[in-house]
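Trainee: Take this structure first; my questions come after.
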Amino acid sequence: MAAIADIMPESSRIALVDMLRAILPAHAVLTDAEAMKPYECDGLSAYRQLPMLVVLPQSVEDVQRILKVAHETGTKVVARGSGTGLSGGATPLGDGILLSLAKFNRIVSVDPLARTARVQPGVRNLKISEDVAHLGLYYAPDPSSQIACSIGGNVAENAGGVHCLKYGLTVHNVQKIEVVTIDGTRATIGSDALDTPGYDLLALMTGSEGMLGVTTEVTVKLVPKPQLARVVMASFDDIEKAGDAVANIIGAGIVPAGLEMMDKLANAAVEDFVHAGYDLNAEAILLCESDGTPEDVEEEIARMEAVLKASGATACRVSSNEAERLKFWSGRKAAFPAVGRISPDYYCIDGSIPRRALSPVLKRTAALSLHYKLRCANVFHAGDGNLHPLILFDANIPGELERTEQFAADILELCINYGGTITGEHGVGIEKINQMCSQFTDNEREMFFAVKRAFDPSMLLNPGKAIPTLNRCAEYGRMRVHGGQLAHADIPRF
Numbered sequence: 076m077a078a079i080a081d082i083m084p085e086s087s088r089i090a091l092v093d094m095l096r097a098i099l100p101a102h103a104v105l106t107d108a109e110a111m112k113p114y115e116c117d118g119l120s121a122y123r124q125l126p127m128l129v130v131l132p133q134s135v136e137d138v139q140r141i142l143k144v145a146h147e148t149g150t151k152v153v154a155r156g157s158g159t160g161l162s163g164g165a166t167p168l169g170d171g172i173l174l175s176l177a178k179f180n181r182i183v184s185v186d187p188l189a190r191t192a193r194v195q196p197g198v199r200n201l202k203i204s205e206d207v208a209h210l211g212l213y214y215a216p217d218p219s220s221q222i223a224c225s226i227g228g229n230v231a232e233n234a235g236g237v238h239c240l241k242y243g244l245t246v247h248n249v250q251k252i253e254v255v256t257i258d259g260t261r262a263t264i265g266s267d268a269l270d271t272p273g274y275d276l277l278a279l280m281t282g283s284e285g286m287l288g289v290t291t292e293v294t295v296k297l298v299p300k301p302q303l304a305r306v307v308m309a310s311f312d313d314i315e316k317a318g319d320a321v322a323n324i325i326g327a328g329i330v331p332a333g334l335e336m337m338d339k340l341a342n343a344a345v346e347d348f349v350h351a352g353y354d355l356n357a358e359a360i361l362l363c364e365s366d367g368t369p370e371d372v373e374e375e376i377a378r379m380e381a382v383l384k385a386s387g388a389t390a391c392r393v394s395s396n397e398a399e400r401l402k403f404w405s406g407r408k409a410a411f412p413a414v415g416r417i418s419p420d421y422y423c424i425d426g427s428i429p430r431r432a433l434s435p436v437l438k439r440t441a442a443l444s445l446h447y448k449l450r451c452a453n454v455f456h457a458g459d460g461n462l463h464p465l466i467l468f469d470a471n472i473p474g475e476l477e478r479t480e481q482f483a484a485d486i487l488e489l490c491i492n493y494g495g496t497i498t499g500e501h502g503v504g505i506e507k508i509n510q511m512c513s514q515f516t517d518n519e520r521e522m523f524f525a526v527k528r529a530f531d532p533s534m535l536l537n538p539g540k541a542i543p544t545l546n547r548c549a550e551y552g553r554m555r556v557h558g559g560q561l562a563h564a565d566i567p568r569f
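Numbering (this note's numbering), first residue to last: 76 to 569.
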């Protein structure tokens, strides 16, 4: 890892620190390596870099002053929430400021009539639902990390969750955001009205990965709790049959509240971890949830069971009460930590494909697993085709991380070849920046840069993420011809 002094002259760094300490309390500017260590990576821990310094603002005015200093001095800035992202979007830069929004953790107000809540970006996803539960409301997007992930990060990555099939991603559940641009300007994007004239900048900002502005407040939509929810757990003796069953359910006109799939390896890891009652003999299981009125749920459950059995399900088990329903979901939501118990390391992929392609993509992924001699546990949002293969590896074995990255790159290229995309909810960050070269043309990527320059002319906000340069894509193309993977040379591994 490069020393900070090698990246920026010490005199310039000291001057920058002095400028920031003139506008912030001394304890809000971290420069000691030990104090900055917790900020060296996000959930993509294979890549780590100490930032030049860390700032901890407590108010919007603090954020404005920090960004003005960065703008005036030409200093790069990476905004960070809870650091649970899985694409390296919050990976700091050795010559940049890491701007932590951890202290922005208040729910500002709740309007039960409008069914909205104004929250600061550091508020945990799950806390919103906990705080409005007494009103019979909740916040629908529920990433598996919802106990820890922050709303600001959810907006940056357009996060989803197990119930996004019916209730939508973050972009469908946000009504308004407050942002600060790189020159310190405050802006309101969206409105309290159902529609706003002009360009849909709200959708543009949601999923922009911190490259256009820093979010300081989010107005989220709340939905009423359903009267009843039940889950069907269906077992299959063949993973391709399970994939076909997903397409058959949607083809029958059924839109479940959640439709998730796990293969045998994932089931075994989860069952040993949380004892959710999963069928360990099945090659794959589907979790299909129905919610609404008791009458609607009963009818939809019956329809789903009929489709599942016709698709080859060897067994169907319906949750008998709320406790059992939550138990079924606890297994799915604990899949990542469960897999972490059976392997020293794992690498999570986030490609999306058309539902009709589930079976062939699963078959090709299994073949790639044999080719690379690496186990792969499949856990994904089957209803919307969002795959989360978990490649198990050991970074202590020389060359195994590089082989894992090549395996992951092949899965993402496979998603593109089947008409899908390289990310469904985790974002591009640094992890998938190479595959952006395959997903989009040179002209399309230049349009992305043009949008960024409109908000951030100096290209200081989270640079080097999400959008690859022309030179990088040319190099990646040469590497793919020879079966290689272009490394992120500017950010150290483990």
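All C-beta atoms, glycine included, are put in the ideal place defined by N, C-alpha and C.
1) Using the beta-carbon count (16 or more within 10 Å), is Ser220 buried or exposed?
2) For Leu355, count neighbouring Cβ atoms within 10 angstroms of its own Cβ and tell me buried if that reaches 16, exposed if not.
3) Here's the rule: buried if 16 or more other CB atoms are within 10 angstroms of the residue's CB, otherwise exposed. What is Leu269?
4) Name the DSSP bridge partner or partners of Ala390?
5) What number of angstroms, rounded off, separates the C-alpha of Ser283 from the C-alpha of Glu506?
6) Based on the DSSP output, what are the partners of Asp338 in its beta bridges?
7) Could you name each continuous alpha helix (DSSP H) segment of 4 residues or more that falls completely within the region 449–473, going from the start of the chain to the end?
8) Where does Ala78 land, buried or exposed, given buried means 16+ other C-beta within 10 angstroms?
9) Considering Cα atoms alone, identify which of Val556, Gln560, Asp517, His446 is closest to Ile481.
10) Ser365 and Glu380 look like a contact to me (Cβ under 8 Å); what is the Cβ gap, rounded to whole Å?
11) How far does the alpha helix (DSSP H) with Cys548 in it reach, from first residue to last?
12) Just list the residues that DSSP pairs Leu105 with in beta bridges.
13) Is it buried or exposed, Gly236, if we count other Cβ atoms within 10 angstroms and call 16 or more buried?
14) Quick check on the burial criterion: 16 or more other C-beta atoms within 10 angstroms. Buried or exposed for Arg193?
15) DSSP three-state call for Ala344: helix, strand or coil?
16) By Cβ distance below 8 Å, which residues in the same chain neighbour Ala80 in space, the five residues on each side in sequence not counted?
17) With DSSP collapsed to three states, give me the class of Ala278.
18) What are the boundary residues of the alpha helix (DSSP H) that includes Glu232?
19) With a floor of 4 residues, list each alpha helix (DSSP H) that falls wholly inside the region 192–274, ordered by position along the chain.
20) From this set, Pro132, Asn180, Gln124, Leu131, which residue's C-alpha is nearest Gly164's C-alpha?
21) Pop quiz: Met286 and Asn453 are said to be a contact at Cβ under 8 Å. What is the actual Cβ separation, rounded to whole angstroms?
22) For Asp459, I'd like the list of residues in its chain whose CB is within less than 6 Å of its CB, leaving aside the five on either flank, ordered along the chain.
23) At what residues does the beta strand (DSSP E) containing Arg155 begin and finish?
24) Using the rule of at least 16 other Cβ atoms within 10 Å of the residue's Cβ for burial, across every protein chain shown, is Lys339 buried or exposed?
25) Distance check for Leu142 and Arg261, CA to CA, integer angstroms please.
26) What is the DSSP secondary structure of Ser405, reduced to helix, strand or coil?
27) Spatial neighbours of Ala432 within its chain, please: C-beta separation below 6 Å, excluding the five flanking residues on both sides.
28) Note down the Cα distance separating Ile472 from Leu297, rounded to an integer number of angstroms.
Mentor: So, from the listed chains and residues:
1) buried
2) exposed
3) exposed
4) Ser310
5) 15 Å
6) Ala359
7) none
8) With a pLDDT of 40 at Ala78, under the threshold of 50, the modelled position of that residue is not reliable, and no figure is offered here.
9) What sits at residue 481 in the sequence shown is Gln, not Ile. It is Gln560 whose Cα lies nearest to the Cα of Gln481.
10) Their Cβ separation, rounded to whole angstroms, is 10 Å, which puts Ser365 and Glu380 out of contact at 8 Å.
11) 545–556
12) Val129
13) buried
14) buried
15) helix
16) Only weak support is given to the placement of Ala80: the predicted model assigns it a pLDDT of 42, under 50, and the question is left unresolved by the model.
17) helix
18) 226–232
19) 200–207, 226–232, 239–242
20) Gln124
21) Actually they are not in contact, since the Cβ atoms of Met286 and Asn453 sit about 31 Å apart, beyond 8 Å.
22) Leu240
23) 151–155
24) buried
25) 11 Å
26) helix
27) Tyr493
28) 47 Å
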